[in-house]
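S.K.:
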């Protein structure tokens, strides 16, 4: 998705409306589906997808093209909007490279390896996960279920949900070890 | 002081997926702003969300993208003021606590223990409490229903899991009973996020229970 990051960089640096339309077409349908998975009906989900992309437009100046990844950045905007509007709860999560961190000079994995390389490895590692761990990832990130909701859905103890999350994470992390 | 106690990977994953109850998410956000190690983990966990979103089959849009001429003006300044970095309250928590711990109003809970309660509109968001413990004071032994996250904001405390200083987080589930004792010199102020009310055990805590009510 290096191409997407390039598009977002053009929006960020030049307010490039054509680049924005391409981002909209690439991410709009996925974000609409993402909202629908949390029980939002199609019309309202499309509104939320529009709002997510308009936020991308408005905040693009905060995106740093050489350090960030477009998909990760847009995911965090969609996630925060879903917490705020669909779960009707308060968000405490800044955007990546948001200005809430007290030490802004962290060495980031992005600074050391290309973001498309990281995204590619994360995707591969997720595909290689055992089914029960991959399922947990989808239930948390896409279906938007809490740990106890996942436990109830699968009929497993809460501790099992937590340990599958840990295992999945360790494997993804191991796949990136030599980059960090 | 280096942060040595961190939230569990499963807690960070729930945070990144946007599914952690608000009270717990607030405590994690506070820890992240004090802990570069976990910030790095959180970025990777966001990347997992991005990869998962990318695999999601899209739902076709009914409407076309907005006309570029109708797009709103971009934000020119960061949404959140960076402010002075020397405040005791981490930035993500300032909207609910304010910049200074000493500005809070504290209610007596038990000898040496004071509390400032922060409520959320939904019961499912959990409960957030600031606990101020005088030097050497013991917080009565308690277990939890569900996860409890404790973030030290000032001073330190010690329990059988070790010593916890500013930025350290205890991530405990309902299997853990513990009795934190505030640092004999500095005392302690912690942010405690729970999914449900703590369950106090034993005779003395039972006597204290009326005082410990939220």
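Residue numbers (the working numbering), protein chains in the order written: chain A, 1 to 180; chain B, 1 to 214.
Positions of the beta carbon are idealized from the N, C-alpha and C atoms, including for glycine.
1. Does the distance from the C-beta atom of residue 150 (chain B) to that of residue 192 (chain B) stay below 8 Å?
2. Between the segment 116-149 of chain A and chain B, which residues of the former have a C-beta closer than 7 Å to a C-beta of the latter?
3. Can you tell which of B:158, B:177, B:169 and B:179 has its C-alpha closest to the C-alpha of residue 185 (chain B)?
4. If you draw a straight line from the alpha carbon of residue 131 (chain B) to that of residue 170 (chain B), how long is it in whole angstroms?
5. Distance, Cα to Cα, residue 56 (chain A) vs residue 106 (chain B)?
6. Taking residue 162 (chain A) as the reference, which of B:74, B:3, B:188 and B:20 has the closest Cα?
7. Just confirm the distance between the C-beta atoms of residue 59 (chain B) and residue 45 (chain A), as a whole number of angstroms; I'd bet it's less than 8 Å.
8. For the alpha helix (DSSP H) containing residue 91 (chain A), list its first residue and its last residue.
9. Could you tell me the boundaries of the beta strand (DSSP E) in which residue 142 (chain A) lies?
10. Just curious, the beta strand (DSSP E) that residue 88 (chain B) is in, first and last residue?
11. Taking just the CA atoms, how far does residue 128 (chain B) sit from residue 50 (chain B)?
12. Let me confirm a value: residue 127 (chain A) is counted as buried when at least 16 other C-beta atoms fall within 10 Å, else exposed. Which label applies?
13. Is the segment 35-47 of chain B touching the segment 8-17 of chain B in the sense that three or more CB pairs, one from each, lie closer than 8 Å?
14. Which class does residue 164 (chain B) belong to by DSSP, given the choice of helix, strand or coil?
15. Taking residue 61 (chain B) as the query, report the chain A residues whose CB atoms sit under 9 Å from its CB, ordered along the chain.
16. Any Cβ of chain A within less than 8 Å of the Cβ of residue 191 (chain B)?
17. Near residue 175 (chain A), which residues of its chain fall below 6 Å by C-beta distance, leaving aside the five closest residues on each side in sequence?
18. Grouping DSSP H, G and I as helix and E and B as strand, with all else coil, what is residue 224 (chain B)?
19. Using the beta-carbon of each residue, which ones in chain B are nearer than 7 Å to residue 63 (chain A)?
20. Consider the Cβ of residue 112 (chain B): report whether some Cβ of chain A lies at a distance smaller than 8 Å.
21. Using 8 Å for Cβ pairs, my map puts residue 75 (chain B) next to residue 123 (chain A). What's the rounded Cβ distance?
22. Going by beta carbon distance, what residues of the same chain come within less than 6 Å of residue 147 (chain B), once the five residues before and after it are set aside?
23. According to DSSP, residue 10 (chain A) sits in a beta bridge with which residue or residues?
24. Closer than 9 Å by beta-carbon distance: list the chain B residues that pair up with residue 9 (chain A), in chain order.
25. Take residue 143 (chain A) as the anchor and find which of A:118, A:93, A:83 and A:158 has the nearest alpha-carbon.
26. Helix, strand or coil for residue 132 (chain B) per DSSP?
27. Beta-carbon within less than 7 Å of residue 40 (chain A)'s beta-carbon, same chain only, minus the 5 sequence neighbours each way: which residues are those?
28. Taking the DSSP output, what are the residues bridged to residue 158 (chain B)?
29. For residue 99 (chain B) and residue 75 (chain A), what's the separation of their Cα atoms in angstroms?
M.R.: From the atom records:
1. The residue given as residue 150 (chain B) occupies position 150 in the second chain. The residue given as residue 192 (chain B) occupies position 192 in the second chain. Taking 8 Å as the Cβ cut-off, residue 150 (chain B) and residue 192 (chain B) qualify as a contacting pair.
2. 118, 119, 122, 123, 126, 137, 138, 140, 141, 142, 144, 145, 146 and 147
3. Residue numbering aside, residue 185 (chain B) sits at position 185 when the second chain is read from its first letter. The shortest Cα separation from residue 185 (chain B) among B:158, B:177, B:169 and B:179 belongs to B:158.
4. Within the second chain, numbered from 1, the residue matching residue 131 (chain B) stands at position 131. Within the second chain, numbered from 1, the residue matching residue 170 (chain B) stands at position 170. Taking the straight line from one Cα to the other gives about 14 Å.
5. The count along the first chain starts at 1 and reaches residue 56 (chain A) at position 56. The count along the second chain starts at 1 and reaches residue 106 (chain B) at position 106. About 41 Å.
6. Position 162 of the first chain, counting from 1, holds the residue named residue 162 (chain A). Nearest C-alpha to residue 162 (chain A): B:20.
7. In the second chain, counting from the first residue as 1, residue 59 (chain B) sits at position 59. In the first chain, counting from the first residue as 1, residue 45 (chain A) sits at position 45. Right, their Cβ atoms sit about 7 Å apart.
8. As a position in the first chain, residue 91 (chain A) is number 91, starting the count at 1. Taken as a continuous stretch (DSSP letters only), residue 91 (chain A) belongs to no alpha helix (DSSP H), as it is neither H nor E.
9. For the purposes of this step, residue 142 (chain A) is taken as the residue at position 142 of the first chain. Careful: residue 142 (chain A) lies outside any beta strand (DSSP E) and carries neither H nor E.
10. Taking the first residue of the second chain as 1, we reach residue 88 (chain B) at position 88. Unbroken run through residue 88 (chain B): none, as it is neither H nor E.
11. Locating residue 50 (chain B) in the second chain gives position 50, counting from the first residue. Locating residue 128 (chain B) in the second chain gives position 128, counting from the first residue. Straight-line Cα distance between these residues: approximately 30 Å.
12. By 1-based counting over the first chain, the position of residue 127 (chain A) is 127. Residue 127 (chain A) comes out exposed.
13. yes
14. As a working mapping, residue 164 (chain B) is identified with position 164 in the second chain. Note: residue 164 (chain B) maps to strand in three-state DSSP.
15. Translated into the one-based positions of the second chain, residue 61 (chain B) becomes position 61. Under the 9 Å cutoff, chain A gives 24, 25, 28, 29, 32, 46, 49 and 50.
16. Working through the second chain from its first residue, we reach residue 191 (chain B) at position 191. Closer than 8 Å: no.
17. Within the first chain, numbered from 1, the residue matching residue 175 (chain A) stands at position 175. Counting only Cβ-Cβ distances below 6 Å, and skipping sequence neighbours, we find 121 and 125.
18. Shown here, chain B extends from 1 to 214; a query on residue 224 (chain B) therefore has no answer.
19. Within the first chain, numbered from 1, the residue matching residue 63 (chain A) stands at position 63. What residue 63 (chain A) touches in chain B: nothing, since even the nearest Cβ is about 11 Å away.
20. Against the second chain, residue 112 (chain B) aligns to sequence position 112. Not closer than 8 Å to any Cβ of chain A, the Cβ of residue 112 (chain B) fails to qualify, so no.
21. As a first step, residue 75 (chain B) must be located in the second chain, where it is residue number 75. As a first step, residue 123 (chain A) must be located in the first chain, where it is residue number 123. Rounded, the Cβ-Cβ distance is 31 Å, inconsistent with contact.
22. Position 147 of the second chain, counting from 1, holds the residue named residue 147 (chain B). Same-chain partners within the cutoff: 173 and 195.
23. In the first chain, the residue the question calls residue 10 (chain A) occupies position 10. Residue 10 (chain A) pairs with nothing; no bridge assigned.
24. For the purposes of this step, residue 9 (chain A) is taken as residue 9 along the first chain, with counting starting at 1. Simply none; closest approach about 14 Å.
25. Reading the first chain from its first residue, position 143 is the one you call residue 143 (chain A). Among A:118, A:93, A:83 and A:158, the Cα nearest to that of residue 143 (chain A) belongs to A:83.
26. Numbered from 1 along the second chain, position 132 holds the residue referred to as residue 132 (chain B). DSSP places residue 132 (chain B) in strand when its eight states are reduced to three.
27. What you label residue 40 (chain A) is simply residue 40 of the first chain in a count that begins at 1. Cβ within range, chain order: 48 and 86.
28. Counted from its first residue, the second chain places residue 158 (chain B) at position 158. Paired residues: B:163 and B:181.
29. Your numbering for residue 99 (chain B) matches position 99 in the second chain. Your numbering for residue 75 (chain A) matches position 75 in the first chain. Taking the straight line joining both Cα atoms gives about 29 Å.
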